[in-house]
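Participant: Sharing a structure with you now.
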Ligand code: SIN
Ligand code: FE
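In our numbering, the protein residues as written are 486 to 797.
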């Protein structure tokens, strides 16, 4: 079933996919190879686009990087920052150069993929960090707030998005059989309505204070405040975690999937070895800007949540 139009007469709520409808499968086998897809509408409706046979092909000598020993033990991922800096890794210089080349290649292929899938966003997406995630999900122990085995939408305490969208490309690079196991939750509008009564505006002046203390990299807007509270309210609510509408989704090794992770409720339950590339998109550059979490939250809360920056 296709999600319906986003504006319906008579003020009815737009149709949103249920967790069971959110998964959409495609048979493209290469990031760059395949038709120009025009999947913006599905992505913006909150679907998870899965390409079950789209592996990231490792080159000779690269399989050794699928091992947590390359992590410096501090960061949870090995990441190639927007600045070009490789973070979170340890090893000899020559080895790290190869590791960097691997992540760079994933970044390039992800860019080719989104260019092909979403022609409407051409020239508008900006690439953020790319990462290699070598740790086993099940044995990672974290505080409840950092526990991604709980359903959440992505929002970062130190990195205000101010309404800018988070589009993510993931590939399971596990060398054996281990699927990346996710749960996918209810539509963002339902989630926002459910928790809206518990959202509180930030204390006056707190955004400036956090910026001054360098807790945040930019000023938080009311949007960031709302998204962080939603993230925390969902993760802290064990009844919600257990009872909310949700569906289990497996991503086998060799599969690639694409989501707006600031919109799709998601949780990771198992797996190891994944690559990820983040892209930013201004909500006004969407096909249907009214589906952006910023706009949905403004409608639900009945107040302005700040002007989105051009980039986070
Ligand atoms: C997340 O964004 O919650 C993590 C996804 C994953 O590790 O598979
Ligand atoms: Fe997440």
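The C-beta atom is built at its ideal place from N, Cα and C for all residues, glycine as well.
Computed from a predicted model, the values in this text were never measured in an experiment.
In the structure shown, what three-state DSSP assignment does residue 602 receive?
Facilitator: Within the chain shown, the letter at position 117 stands for residue 602. Here residue 602 sits in helix by DSSP.
Participant: Fully enclosed by the segment 567-641, which beta strand (DSSP E) runs are 3 residues long or longer?
Facilitator: With a minimum length of 3 residues, the continuous beta strand (DSSP E) runs that stay inside the segment 567-641 are 611-618.
Participant: Taking the alpha-carbon positions, what's the residue 502 to residue 779 distance?
Facilitator: To locate residue 502, count along the chain shown from 1; it is residue 17. To locate residue 779, count along the chain shown from 1; it is residue 294. Using only the alpha carbons, I get a separation of about 19 Å.
Participant: By DSSP, does residue 753 sit in helix, in strand, or in coil?
Facilitator: Taking the first residue of the chain shown as 1, we reach residue 753 at position 268. In the structure shown, residue 753 sits in a strand (DSSP, three-state: E or B).
Participant: Using a Cβ-Cβ cutoff of less than 7 Å, which residues in the same chain neighbour residue 486 once the five nearest sequence positions on both sides are dropped?
Facilitator: Start at 1 with the first residue of the chain shown, and residue 486 comes out as number 1. The pLDDT assigned to residue 486 is 37, lower than 50, so where the model puts this residue is not dependable, and the model offers no usable value.
Participant: Got a list of residues with beta-carbon closer than 6 Å to any non-hydrogen atom of the ligand FE, in chain order?
Facilitator: In chain order, the hits are 633, 637, 639, 746 and 751.
Participant: Whose C-beta lies closer than 6 Å to the C-beta of residue 684 among residues of the same chain, with five residues either side of it excluded?
Facilitator: Numbered from 1 along the chain shown, position 199 holds the residue referred to as residue 684. Within the same chain, residue 684 has close Cβ partners 711 and 714.
Participant: Is residue 788 near the ligand SIN, with its Cβ less than 7 Å from a heavy atom?
Facilitator: Within the chain shown, residue 788 is the residue found at index 303, counting from 1. Flag unset: Cβ of residue 788 not near the ligand SIN.
Participant: Compute the Euclidean distance between the alpha carbons of residue 509 and residue 557, then round it to the nearest angstrom.
Facilitator: Residue mapping note: residue 509 aligns to position 24 of the chain shown, counting from 1. Residue mapping note: residue 557 aligns to position 72 of the chain shown, counting from 1. When rounded, the distance between both Cα atoms is 36 Å.
Participant: If you drop the 5 nearest sequence neighbours on each side, which residues of the same chain put their C-beta closer than 7 Å to that of residue 555?
Facilitator: Counting from 1 along the chain shown, the entry for residue 555 is found at position 70. The answer, listed in chain order, is 563, 574, 575, 576, 584 and 619.
Participant: Over what stretch of residues does the beta strand (DSSP E) that includes residue 534 continue unbroken?
Facilitator: Working through the chain shown from its first residue, we reach residue 534 at position 49. Segment 533-536, the beta strand (DSSP E) holding residue 534.
Participant: Under a Cβ-count criterion, where at least 16 other Cβ atoms within 10 Å of its own Cβ denotes burial, should residue 657 be classed as buried or exposed?
Facilitator: Within the chain shown, residue 657 is the residue found at index 172, counting from 1. Burial call: buried.
Participant: Give the secondary structure of residue 712 by DSSP, where H, G and I count as helix, E and B as strand, and everything else as coil.
Facilitator: Locating residue 712 in the chain shown gives position 227, counting from the first residue. Three-state DSSP puts residue 712 in a helix.
Participant: Check this for me: beta carbons of residue 793 and residue 648, under 8 Å apart or not?
Facilitator: Indexing the chain shown from 1 puts residue 793 at position 308. Indexing the chain shown from 1 puts residue 648 at position 163. Yes, the Cβ-Cβ distance between residue 793 and residue 648 is below 8 Å.
Participant: Report, in whole angstroms, the separation of the C-beta atoms of residue 667 and residue 754, which I expect to be a contact under 8 Å.
Facilitator: The residue labelled residue 667 in the question sits at position 182 within the chain shown. The residue labelled residue 754 in the question sits at position 269 within the chain shown. About 7 Å; that satisfies the 8 Å criterion.
Participant: Straight-line CA distance for residue 514 to residue 765?
Facilitator: In the chain shown, counting from the first residue as 1, residue 514 sits at position 29. In the chain shown, counting from the first residue as 1, residue 765 sits at position 280. About 25 Å.
Participant: Measuring alpha carbon to alpha carbon, tell me which residue in 626, 598 and 673 is nearest residue 747.
Facilitator: Taking the chain shown and counting its residues from 1, one reaches residue 747 at position 262. Closest option to residue 747, Cα to Cα, is 673.
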